[in-house]
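Have a look at the structure below, then the notes.
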Amino acid sequence: MQADQLKRDASVSAEPLVKVGVTMAVYPPSKSCLKSGDTVIIRSAEVSDAATLIALMNHGFSTSAFLVHEPDEFTRTARQQRALIRHATERPELLCLVAEHNRKLIGCLDTQGDPRRRARHCVKLGLVIHETWRSQGVGRRLLETLIEWAAASTIVGRLELQVHANNRAGLALYQALGFEIEGRRKHAIRLNDDTYIDDIMMAKLFPSSRRSSD
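Listed below in C-alpha cells is the structure:
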C-alpha cells in the first residue's frame, strides 16, 4: 500500500496486517482520541519520518529521567534511521509506530526482534513521547496498537520491556495493559549523582497456539 493511499485512509479504523505468508508488517493510519479531546493518528513509521524521529528521540533523551540513554550517547543518523524503518517494514515480527498530531510526530514506539529461530517470537519495545504530550494517553494508544498487532500475529508470542523502578506511572500503565513483572536488575541504573535505581523487566505473553511453525 502506497503512503498517499494510507493517508487517504487515515479516518478508517485500521486492522493490523500480520498473517502467515505475509512478509511485511504495516499498521495503516488509525485515528484515536486522547483524554484531552485531541485527536492523534497512530500509524507505521515511513522512511520520510526518519529525520523527525531522530529529533523526537533526542528530545526524549534530553527531557526524560526514565530513559537510559543520555543525549550525547544517542548518535543515530537519519540514514541509519531510514534503514531501521525499512527493516521493520520488511519483517513481519517487527513494527515501528508513530503518533502524529497536526502532522507533527509526538511519540514513537519501536521494536527489536531476535533473528534466531528459537527466539524469533520475542519482541522488545521502546517508547518515547514528546515532553508536552506526556501523561495524556499517547503512550497508551501506541501500546494498545502494538498489543492489537501482536495479538493478530502468527509470529509474535512475547512482548518485552524494561522500566526504571521509580517510574511509577510507567509501571502502572504497563501492568494495566497486561504486562507482568518477571524480574529486577538491582542497581542497574546509575545516575550522575551516584544514585542507583533498579531496572524492572516486564513481559506480556500471547497464546502459542496461533503462532506459525515457520
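In our numbering, each residue's number is its place in the sequence shown (first place is 1) plus 13.
Virtual Cβ for every residue (Gly too), placed ideally from N, Cα, C.
Computed from a prediction, not measured in an experiment: that's the story for all the values here.
Discussion item. Beta-carbon within less than 7 Å of ASP127's beta-carbon, same chain only, minus the 5 sequence neighbours each way: which residues are those?
Written reply: Indexing the sequence shown from 1 puts residue 127 at position 114. Taken in chain order, the residues that qualify are ARG133, CYS135.
Worksheet entry | Element boundaries [beta strand (DSSP E), containing GLN149] | By 1-based counting over the sequence shown, the position of residue 149 is 136. Looking at the DSSP string, GLN149 is not in any beta strand (DSSP E), and its letter there is neither H nor E.
Worksheet item: Among GLY196, LEU118, SER57, which has the Cα closest to the Cα of LEU97?
Response: In the sequence shown, residue 97 corresponds to position 84, counting from 1. The residue with the shortest Cα to Cα distance from LEU97 is SER57.
Item to complete: Count the C-beta pairs between the stretch 156 to 164 and the stretch 88 to 105 that are closer than 8 Å, then say yes if the count reaches three, no if not.
Response: no
Worksheet entry | Whole beta strand (DSSP E) elements within the stretch 86 to 125, 3-residue minimum | 110 to 114, 117 to 125
Item to complete: Would you mind working out which of CYS46, GLN149, HIS177 sits nearest MET215, comparing C-alpha positions?
Response: Along the sequence shown, one-based indexing puts residue 215 at 202. Closest by alpha carbon: HIS177.
Discussion item. Using a 10 Å radius around the Cβ and a threshold of 16 neighbouring Cβ atoms, would you call CYS46 buried or exposed?
Written reply: Your numbering for residue 46 matches position 33 in the sequence shown. Its Cβ having fewer than 16 others within 10 Å, CYS46 is exposed.
Worksheet item: Is it the case that the Cβ atoms of GLY73 and VAL141 are separated by a distance below 7 Å?
Response: Sequence index remark: in the sequence shown, residue 73 carries index 60 (1-based). Sequence index remark: in the sequence shown, residue 141 carries index 128 (1-based). A contact, by the Cβ cut-off of 7 Å.
Worksheet item: From THR102, LEU204, HIS114, pick the residue whose C-alpha is nearest to that of THR230; which is it?
Response: Residue 230 lies beyond the stretch modelled for the chain, which goes from 14 to 227, so this question has no answer here.
Worksheet item: To the nearest angstrom, how far is it from the Cα of ARG116 to the Cα of THR65?
Response: As a first step, residue 116 must be located in the sequence shown, where it is residue number 103. As a first step, residue 65 must be located in the sequence shown, where it is residue number 52. Distance between the alpha carbons of ARG116 and THR65: 11 Å.
Worksheet entry | Check whether ILE67 and ALA91 have beta carbons under 7 Å apart | Indexing the sequence shown from 1 puts residue 67 at position 54. Indexing the sequence shown from 1 puts residue 91 at position 78. Their beta carbons are under 7 Å apart, which means ILE67 touches ALA91 by this criterion.
Practice prompt. Assuming ALA63 contacts LEU108 (C-beta within less than 8 Å), just tell me the rounded distance between them.
Written response: In the sequence shown, the residue the question calls residue 63 occupies position 50. In the sequence shown, the residue the question calls residue 108 occupies position 95. Incorrect: roughly 16 Å between the Cβ atoms, too far for contact.
Discussion item. Can you tell me whether THR52 is buried or exposed? The criterion is at least 16 other CB atoms within 10 Å of its CB, across all chains shown.
Written reply: Counting from one through the sequence shown, the residue named residue 52 turns up at place 39. THR52 comes out exposed.
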